[in-house]
Amino acid sequence: MKPFKAGLPFATWLMRISLALFLVLQNVNSLSPIELSSLSYYFTLAFVVFAILLFVGGFFSKPTLTVVSGLVITGLSIYRLVVSFDGAISQGDVLYLIVASVAFYFVCQGNK
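Residue numbers for the sequence shown follow our numbering, so the first one is 7 and each next one is one higher.
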């Protein structure tokens, strides 16, 4: 069976929307009490901002915004994965691994 190449743009947008929605919905509640002294607050804020920028970057012809946003989300996901790892793989660890892999896809593909 041959791959369905015509569905690739839809699949890419579906990944972009899903990643942005997941990161925003997962982290937006943590932003409610503004804690400027907390490093965790800035990481959470970066997740939300760059998830939105990744989505917005899909509307531009140049891939710079998508690639930079994907790179930042990949780095933040790997950081969270390393920091939260306690010797056993949990569902949260797998979620951040999936987020990192989808974000890295956008680093490699851009807006294709």
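Think of the CB as a built atom: it goes at the ideal place given N, C-alpha and C, for glycine as much as any other residue.
What you are looking at is a predicted structure, and each value in this text was computed from that prediction instead of being measured.
query: Locate the alpha helix (DSSP H) running through Val-73, then write down its first and last residues.; result: 70–90
query: Helix, strand or coil, according to DSSP, for Met-7 in the structure here?; result: coil
query: Along the alpha helix (DSSP H) that carries Ile-23, what are the first and last residues, could you check?; result: 14–33
query: Going by Cα to Cα distance, which pick from Gly-98, Gly-76 and Gln-115 is closest to Ala-26?; result: Gly-76
query: Sort Val-89, Leu-37, Val-54 and Ser-96 by Cα distance to Ile-23 and report the nearest one.; result: Val-54
query: Beta-carbon separation of Thr-50 and Ser-67 under 8 Å?; result: no
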